[in-house]
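*Asks:*
Number of protein chains: 2
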Amino acid sequence: MNELLADLQQRLHYRFQDARLLARALTHRSFSASHNERLEFLGDAVLNLAVAHRAFEALQGYPEGDLSRVRAQLVREESLHGLALRLGLPEALQLGEGERRAGGRERASILADALEAIIGAVYLDGGYPAAQALVGRLLEGVAITPSLAAAAKDAKTALQEWLQARRMALPRYEVVAITGAEHQQTFDVRCTVEALGRRSHAQGQGTSRRAAEQTAAATMLTQLTESVL
Amino acid sequence: MNELLADLQQRLHYRFQDARLLARALTHRSFSASHNERLEFLGDAVLNLAVAHRAFEALQGYPEGDLSRVRAQLVREESLHGLALRLGLPEALQLGEGERRAGGRERASILADALEAIIGAVYLDGGYPAAQALVGRLLEGVAITPSLAAAAKDAKTALQEWLQARRMALPRYEVVAITGAEHQQTFDVRCTVEALGRRSHAQGQGTSRRAAEQTAAATMLTQLTESVL
Chain E
1 MNELLADLQQ RLHYRFQDAR LLARALTHRS FSASHNERLE FLGDAVLNLA VAHRAFEALQ
61 GYPEGDLSRV RAQLVREESL HGLALRLGLP EALQLGEGER RAGGRERASI LADALEAIIG
121 AVYLDGGYPA AQALVGRLLE GVAITPSLAA AAKDAKTALQ EWLQARRMAL PRYEVVAITG
181 AEHQQTFDVR CTVEALGRRS HAQGQGTSRR AAEQTAAATM LTQLTESVL
Chain A
1001 MNELLADLQQ RLHYRFQDAR LLARALTHRS FSASHNERLE FLGDAVLNLA VAHRAFEALQ
1061 GYPEGDLSRV RAQLVREESL HGLALRLGLP EALQLGEGER RAGGRERASI LADALEAIIG
1121 AVYLDGGYPA AQALVGRLLE GVAITPSLAA AAKDAKTALQ EWLQARRMAL PRYEVVAITG
1181 AEHQQTFDVR CTVEALGRRS HAQGQGTSRR AAEQTAAATM LTQLTESVL
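These protein sequence lines map, in sequence, to chains E and A.
One point on numbering: in the working numbering, the residue at position 171 of the first sequence is 171, and numbering is uninterrupted.
Just add 1000 to the spot in the second sequence (first one is 1) and you have the working numbering.
Below is the structure:
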């Protein structure tokens, strides 16, 4: 373990005063009661601030909504998972026997959480500037541009803007069905757009009303852009 | 305005190097295109981290879920609104004519946003340590205790735990009606609990499914604890 920790500190370009913090950041709850979830809670907040600040500086003059979308794009699980792989976190994780056999070492959520926990550990060990610098190194190759905000724009927003640009009425969303047991419900949502006296529908499904609306909006947007209304 | 800003800096116990940042933090979008929303975005992240750190230290050994609930309790709009009033923010706000006439100076969301923007402005002006110290002063009188976590537990969680402790089945939530136009919808949710062959209902209303479920759960919990099922 000690050699793994030393290697990882090299890749992080950060040397811990208290290496036990790093060891803890790599410990999944399946391995020990001294696991990384509290550090992850802290690291998540550190990451959010460091990325918010980067977006704030990179996108001068852009509205809060763009900053918020860019941040969401940068801190989402898939992005963190990719960074965790590059840092070689799978080898360094401490997992319980069962979790290891179930492929936990490759699970995106476990890896993303461990990365957040490392950021939290650096914050405790070296203060905010050290953690901010680490986040800066992690995101070194990522250009923060307005197009990142546009790419991260959700389907409902994109649909709304598409319609507004054409002076069309806003879409309507209705839940047409909710099925399944509590905590496992599926929502069916219908999106309706009216323009020039014609009416178009698109349906979407999801595990929440919001998710279903997004799917319906994405389908509607595809329909609209691929055909004349 | 200059005297207002000077007074406010005294109450904040923070002197800005660049007082324009403070002026901007107090500017609502109804007053000027140079408004406070980007600063608010940054300040929200600063506040989240500073409060996460305080909860982390005050609640040693408590799980992440408790930290998260304590933080949510401390940074919610009502809490920030109270702090904004104590700082005398209503007088210092820059609002457009219409917003001022509509009572914007007293609106909780405008005041809470301005306070977050001030925290963001201090972060930019003096760095994270200065902003963290400000948050520390703002929360000086607030004891962060495990009971705060329990109090902050949401009604659905509280109901679920109450039922589980009595080995009763989990509640069911159903949307029974959705009314109103898009973005102004009202959800009616029915909560059903079954135990010992009897069935109890409680209804709740809210501007989201989640909010309506919380209201229904709170009503159900009151019914259950005030009577025998």
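C-beta: ideal position from N, C-alpha, C; glycine also.
Measuring CB atoms only, is the stretch 1183 to 1195 of chain A touching the stretch 1122 to 1131 of chain A, in the sense that at least three cross pairs come out at less than 8 Å?
*Replies:* No, because fewer than three Cβ pairs between the stretch 1183 to 1195 of chain A and the stretch 1122 to 1131 of chain A fall closer than 8 Å, the two stretches do not touch.
*Asks:* Using a Cβ-Cβ distance under 8 Å, would leucine 115 of chain E count as near chain A?
*Replies:* Closer than 8 Å: no.
*Asks:* On a CA-only basis, which of E/Gln203, E/Thr207 and E/Leu93 is nearest threonine 222 of chain E? Give me that one, please.
*Replies:* When each option's Cα is compared against that of threonine 222 of chain E, the closest is E/Gln203.
*Asks:* Quick check on DSSP: helix, strand or coil for tyrosine 1123 of chain A?
*Replies:* In this structure, tyrosine 1123 of chain A counts as helix in the three-state DSSP scheme.
*Asks:* Are the Cβ atoms of isoleucine 1144 of chain A and arginine 1015 of chain A separated by less than 8 Å?
*Replies:* No, the pair does not count as a contact, with Cβ atoms beyond the cut-off.
*Asks:* Using 8 Å as the limit for Cβ to Cβ distance, is proline 1063 of chain A near chain E?
*Replies:* For proline 1063 of chain A, the answer is yes, since a Cβ of chain E falls inside 8 Å of its Cβ.
*Asks:* Would you mind reading off the limits of the alpha helix (DSSP H) that contains histidine 1201 of chain A?
*Replies:* That residue, histidine 1201 of chain A, is in no alpha helix (DSSP H); its beta strand (DSSP E) goes 1198 to 1206.
*Asks:* Which partner residues of isoleucine 110 of chain E appear in the DSSP bridge assignment?
*Replies:* Isoleucine 110 of chain E is not bridged to any residue.
*Asks:* Please report the straight-line C-alpha distance between glutamate 1213 of chain A and alanine 19 of chain E, rounded to a whole angstrom.
*Replies:* The straight-line gap from Cα to Cα measures roughly 45 Å.
*Asks:* Buried or exposed: which applies to glutamate 40 of chain E, given that a residue is buried once 16 or more other Cβ atoms fall within 10 Å of its Cβ?
*Replies:* Glutamate 40 of chain E comes out buried.
*Asks:* Give the interface partners of asparagine 48 of chain E over in chain A, defined as CB-CB distance under 8 Å, in chain order.
*Replies:* Within 8 Å Cβ-Cβ: Ala1045, Asn1048 and Leu1049.
*Asks:* Go through its chain and collect everything with a Cβ distance to leucine 1049 of chain A's Cβ below 7 Å, but skip five positions before and after it.
*Replies:* None.
*Asks:* With a threshold of 7 Å on Cβ separation, who are the neighbours of isoleucine 1119 of chain A within its own chain once the five nearest residues in sequence on each side are excluded?
*Replies:* Result list for isoleucine 1119 of chain A: Gly1043, Val1046, Leu1047, Ala1131, Leu1134 and Val1135, in chain order.
*Asks:* Would you say serine 1030 of chain A reaches chain E, if we count a Cβ-Cβ gap shorter than 8 Å as a contact?
*Replies:* No, because no Cβ of chain E sits closer than 8 Å to the Cβ of serine 1030 of chain A.
*Asks:* In chain E, which residues lie less than 8 Å from valine 1175 of chain A when you measure between Cβ atoms?
*Replies:* Here the neighbours are Val175 and Ile178.
*Asks:* Does chain E have any CB closer than 8 Å to the CB of phenylalanine 1016 of chain A?
*Replies:* It does not: the Cβ of phenylalanine 1016 of chain A has no partner Cβ on chain E nearer than 8 Å.
*Asks:* DSSP three-state label for leucine 229 of chain E, please.
*Replies:* Its pLDDT being 35, under 50, leucine 229 of chain E is placed unreliably by the model, and nothing is read from it.
*Asks:* Could you name the residues that DSSP lists as bridge partners for valine 193 of chain E?
*Replies:* For valine 193 of chain E, which the question treats as bridged, DSSP gives the partners E/Ser200.
*Asks:* Give me the Cα-Cα distance between arginine 1024 of chain A and leucine 139 of chain E, rounded to the nearest whole angstrom.
*Replies:* Computed Cα separation, rounded: 29 Å.
*Asks:* Applying a beta-carbon distance threshold of less than 8 Å, which residues of chain A neighbour glutamate 97 of chain E?
*Replies:* Those do not exist, as glutamate 97 of chain E stays about 22 Å from chain A at its closest Cβ, beyond 8 Å.
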